[in-house]
Amino acid sequence: MSAKPLKKPLAAASVLAVGALTALGLPVAAEASYPGPIAVLTAGYGYNINFQGGGSLSPSDGEYYGVESVAWSPDGSRALWASHEGAILTMRFNDAANVWYIEDTDTASVERRHVTWRGTGSVAWAERSSGGPHRIMTDSSSYGWPAQQVSVNDGAEYSNPDGAIDGRLVYQRHAPGASAPDVMLFNYSLGDTPEERQQLLITDAAEPAFSPDGARVAFVRNGNVWVLTVNDPASSADDSYLQITNTFGDGNPTWSPDGQTLAFTRGGGNNVYTASANGGAAADSGIVGYPAYRPVNANRMVRLSGSSRFGTAVAVSRSLWTDGGAQSVVLSRSDNFADALGGSALAAAKSGPLLMTPPTSLNPEIRAEIVRVLGVRSGKTVYILGGTGAISAGVEAEIRAMGYNIDRRQGTNRYETSVKIAEAITPDPDLVLVATGRNFPDALAAGAAAGSYNVPGSNMSAVVVLTADRALPTETRGYLNSVVAPSTDIRTDVYAIGGQAASALQSNSYQFTDLVGSTRYETSYFVAEVFFGGHRVAGVATGTNWPDALAGGAMMATRNGPLLLTPGASLAFPTQFHVDNNSGTIDTGYVFGGAAVVSDGVMNSVGTWISPGIAFTRSVNPAAVPGAAPAAALRSARVAPAVPTVTLPTADQIKAAAEALDNHQR
């Protein structure tokens, strides 16, 4: 059974097509290897993925067949392959019947093959339009994002990309009229244009493959496998070369996850051989095809919880922010969600945690955490959500006396307060997510999504404002009119999160995209599918109460991962569906709240679905490590060019996600 997107964004429409790959005339490259203590040698060939030692998978969804090339996610949980028809697909390591599309094949003008994972959140491949040269494309490993060309438009033939764990690419370039191809290195940090980002790495070389640590490149020259060791990245003067084979009939090298072994094809029969990466005799592996090692790496589940909602909020804060490491704190009342629903987006924008306190007194745990995370009398800012009825003037005065500035975001009601919070994030949002303010689930999922665009360094911004269920309050209407007016310099896209918000916007004739599930769990799934791609983390919270999800949403926004909702005793199917299909990139799952709120069974289910068939690790309330990367650097790369955020999935994509979910629930 397949999960198939209907249409891609317009920006990518020209590259969505089917092709007759048998007419390409290209060699099929071996694919990227990533570090790992366990390795399984596989090979894609014909209609199968073959495993050394026996066994195979024959992926098909009834429409697309065959395996032109295969690559494995960094944890080994998902296979990536190109079908004979040119679709780019993924599947779970042990389930060839349920496939997930990254690139569909809508017409007959594009051919694709040579798939590879690039880093942890994106993929790359070679493709060409009918009659044109091949080019290197990259995309998120989640469906629905527009593919981007990374190779130069210079008339050369580009093929055989291979990705490194840090996101670099090596690939083959054959210039018009040249007698042999060269190997190029692509690195976004080299410049701003494709020409600046691409540099010559090896002359007279083909079929490159990065070592798992990214320090060596295997390649083919004159039918033999060689290895280049880059001793000094700034200079080629100290580069060293080692010839591995000398049979003049070898190709398609790939590395074992420990970097000790090379697998490659030998002769016209595509038999897979292996040899030491330091040189030595080659041995027949016993399988046929184009080799790809499957690494098997353990993923991680983390529970963040306390004995109360205050303790859970502190545990969430401590897991992300070192002593004095936050720039602000967002503080909401602990007994009502009304003023807090936009707080997650604000916390991410202001680089701090979201904490909570009773309206008339500062909770001692929260007081201590404010001091810890901001530093003693640091003069940093505490954002208070709501008026003095929400958090009293006495609490405000106590915080001021502790040596912190106060910025109170308040309105005459929850709707105006949400507008004041939005205005503190940005005057010109790129995205406005609208959810009901009469209940919490939709707005909490929206808050994590909006906040993920607000972390400093992001190239977009997003806010959350509220409706009165199916009615649009005057305050929200006025805000929308001001930010979506044609006279503004920045285009603002509006999303309705949940059915109540959609009805409110529809009755007021706004143009918007609706993300509406039949349950709160489906709605959080749609938010995750639309606003996140190639993410390394996912958070799960109960959908039946709000405090843990509120604090967790702020953290997930900063880490650039979705907040998914579930009943406390069993994993909601939409949440399972998301973590399964994105397991190739998700290496850490977070559960917010204790086992009485989200059971150990739910936590174990999430861990199983993100894992490659081995046990995942578990931890409870880990603390941020001093000297480690700052919180903003820990997030998935929202600003990485491989996952562009200037284009979002279309309404058709959202419809496709709904159809896929429905098909798998039957």
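Here the sequence shown stands for residues -32 to -1, 1 to 634, numbered as in mature numbering (1 follows the signal peptide of the UniProt record, and there is no 0).
By construction, the Cβ of each residue, glycine as well, lies at the ideal position given by its N, Cα and C atoms.
Q: Mind the definition here: the stretch 402 to 419 touches the stretch 369 to 378 only if three or more C-beta pairs lie below 8 Å; say whether that holds.
A: By the Cβ criterion, the stretch 402 to 419 is not in contact with the stretch 369 to 378, since fewer than three pairs of Cβ atoms, one from each stretch, lie closer than 8 Å.
Q: Could you have a look at Asn427 and say whether DSSP puts it in helix, strand or coil?
A: On the sequence shown, position 459 is the one that residue 427 refers to. Of the three classes helix, strand and coil, the one that applies to Asn427 here is coil, per DSSP.
Q. Ser244 and Thr229 look like a contact to me (Cβ under 8 Å); what is the Cβ gap, rounded to whole Å?
A. Counting from one through the sequence shown, the residue named residue 244 turns up at place 276. Counting from one through the sequence shown, the residue named residue 229 turns up at place 261. With a Cβ gap of about 6 Å, Ser244 and Thr229 count as contacting.
(Q) I want to know whether the stretch 265 to 272 touches the stretch 296 to 306 - three or more CB-CB distances under 8 Å. (A) Remark: fewer than three beta-carbon pairs, one from each stretch, lie closer than 8 Å, so the stretch 265 to 272 and the stretch 296 to 306 are not flagged as touching.
Q. Can you tell me the Cα-Cα spacing of Ala540 and Asn427, whole angstroms?
A. Indexing the sequence shown from 1 puts residue 540 at position 572. Indexing the sequence shown from 1 puts residue 427 at position 459. Whole-angstrom Cα-Cα distance: 33 Å.
Q. Which class does His82 belong to by DSSP, given the choice of helix, strand or coil?
A. Residue numbering aside, residue 82 sits at position 114 when the sequence shown is read from its first letter. DSSP places His82 in strand when its eight states are reduced to three.
Q) Who are the near neighbours of Arg184 in its chain, counting only those whose CB is closer than 6 Å to its CB and skipping five residues on each side? A) As a first step, residue 184 must be located in the sequence shown, where it is residue number 216. Counting only Cβ-Cβ distances below 6 Å, and skipping sequence neighbours, we find Val195, Thr197.
Q. In whole angstroms, what is the alpha-carbon distance linking Gly135 and Asn331?
A. Position 167 of the sequence shown holds residue 135. Position 363 of the sequence shown holds residue 331. When rounded, the separation of the alpha-carbon atoms in Gly135 and Asn331 is 44 Å.
Q. Using the rule of at least 16 other Cβ atoms within 10 Å of the residue's Cβ for burial, across every protein chain shown, is Tyr463 buried or exposed?
A. Taking the sequence shown and counting its residues from 1, the one referred to as residue 463 is at position 495. Flag for Tyr463 reads buried.
Q: Give me whichever residues DSSP pairs with His546 in a beta bridge.
A: For the purposes of this step, residue 546 is taken as residue 578 along the sequence shown, with counting starting at 1. Residue pairing by DSSP places His546 in no beta bridge whatsoever.
Q. For Leu210, which residues from the same chain have a beta carbon less than 7 Å from its beta carbon, with the 5 sequence-adjacent residues on both sides left out?
A. Here residue 210 corresponds to residue number 242 of the sequence shown, with the count starting at 1. So the qualifying residues of the chain are Trp194, Val195, Gly247.
Q | Start and end residues, beta strand (DSSP E) containing Arg184 | A | Mapped onto the sequence shown, residue 184 falls at position 216. Looking at the DSSP string, the run of the beta strand (DSSP E) that includes Arg184 is 184 to 189.
Q | Opening and closing residue of the beta strand (DSSP E) in which Glu36 lies | A | Taking the sequence shown and counting its residues from 1, the one referred to as residue 36 is at position 68. Element bounds for Glu36: n/a, residue is neither H nor E.
Q) On the three-state DSSP scale, how would you describe Pro332? A) Along the sequence shown, read from residue 1 onward, the residue named residue 332 stands at position 364. It is helical.
Q. So Asn572 is in the alpha helix (DSSP H); what residue range does that whole segment cover?
A. Taking the first residue of the sequence shown as 1, we reach residue 572 at position 604. Residue range 568 to 578 is occupied by the alpha helix (DSSP H) that includes Asn572.
Q. To which residues of the same chain is Gly292 closer than 6 Å at the C-beta, ignoring the five residues directly before and after it?
A. In the sequence shown, counting from the first residue as 1, residue 292 sits at position 324. Once the five neighbours on either side are set aside, the close Cβ partners of Gly292 are Gly343.
Q) Helix, strand or coil for Gln378 per DSSP? A) Locating residue 378 in the sequence shown gives position 410, where the first residue counts as 1. DSSP, reduced to helix, strand and coil, places Gln378 outside both helices and strands of the structure shown, so it counts as coil.
Q.
On the criterion of 16 or more Cβ atoms from any shown chain inside 10 Å, does Ala316 qualify as buried, or is it exposed?
A. The sequence position of residue 316 within the sequence shown is 348, counting from 1. Ala316 counts as buried, since no fewer than 16 other beta carbons sit within 10 angstroms of its beta carbon.
Q) If you compare alpha carbons, which of Leu25, Asp461, Tyr33 is closest to Arg60? A) On the sequence shown, residue 60 is found 92 positions in, with the first residue counted as 1. The candidate whose alpha carbon is nearest that of Arg60 is Leu25.
**Q.** Contact between the stretch 548 to 561 and the stretch 310 to 326 (3+ Cβ pairs under 8 Å)
**A.** With the cut-off at 8 Å, the stretch 548 to 561 and the stretch 310 to 326 do not touch.
Q | Cα-Cα separation between Glu384 and Leu314, rounded to whole angstroms | A | Position 416 of the sequence shown, counting from 1, holds the residue named residue 384. Position 346 of the sequence shown, counting from 1, holds the residue named residue 314. Distance from the CA atom of Glu384 to the CA atom of Leu314, rounded to whole angstroms, is 15 Å.
Q. Once you ignore the five residues that flank Val(-18) on each side, which residues in its own chain have a CB closer than 6 Å to its CB?
A. The sequence position of residue -18 within the sequence shown is 15, counting from 1. Low local confidence applies: a pLDDT of 21 at Val(-18) is under 50, so the model's placement there is unreliable, with the coordinate-based value given in what follows. Leaving aside the five residues that flank Val(-18) on each side, the residues in its chain whose CB is nearer than 6 Å to its CB run, in chain order, Val78, Ala115.
(Q) Using C-beta distances below 6 Å, list every residue in its chain close to Ser538, excluding the 5 sequence neighbours before and after it, in chain order. (A) If you number the sequence shown from 1, residue 538 lands on position 570. Cβ-Cβ distances below 6 Å link Ser538 to nothing in the same chain once the five nearest sequence neighbours on each side are left out.
Q.
From the DSSP secondary-structure annotation, give me the bridge partner or partners of Asp181.
A. What you label residue 181 is simply residue 213 of the sequence shown in a count that begins at 1. According to DSSP, Asp181 bridges with nothing at all.
Q. Can you check whether the CB of Ala418 is closer than 8 Å to the CB of Val431?
A. Sequence index remark: in the sequence shown, residue 431 carries index 463 (1-based). Sequence index remark: in the sequence shown, residue 418 carries index 450 (1-based). Yes, they are a contact pair.
Q.
Using the Cβ count rule (16 or more neighbours within 10 Å means buried), how would you classify Asp29?
A. Reading the sequence shown from its first residue, position 61 is the one you call residue 29. A buried status is given to Asp29, since no fewer than 16 other beta-carbon atoms sit within 10 Å of its beta-carbon.
Q. With a CB to CB cut of under 7 Å and the five nearest residues on each side skipped, what residues in its chain are close to Gln468?
A. For the purposes of this step, residue 468 is identified with residue 500 of the sequence shown, where counting begins at 1. Thr404, Thr435, Asp437, Arg438.
Q: Take the Cβ of Gly22 as the centre, count every other Cβ of all protein chains shown within 10 Å, and call the residue buried at 16 or more, exposed below.
A: Taking the first residue of the sequence shown as position 1, residue 22 is located at position 54. Result: exposed.
Q: Have a look at Gly466, His503, Gly501, Tyr478 and flag the residue whose alpha-carbon is nearest the alpha-carbon of Thr487.
A: Counting from 1 along the sequence shown, the entry for residue 487 is found at position 519. Nearest option by C-alpha distance: Gly466.
Q | Cα-Cα separation, Asn238 to Gly54 | A | Here residue 238 refers to the residue found at position 270 of the sequence shown. Here residue 54 refers to the residue found at position 86 of the sequence shown. Rounded to whole angstroms, Asn238 and Gly54 show a C-alpha spacing of 21 Å.
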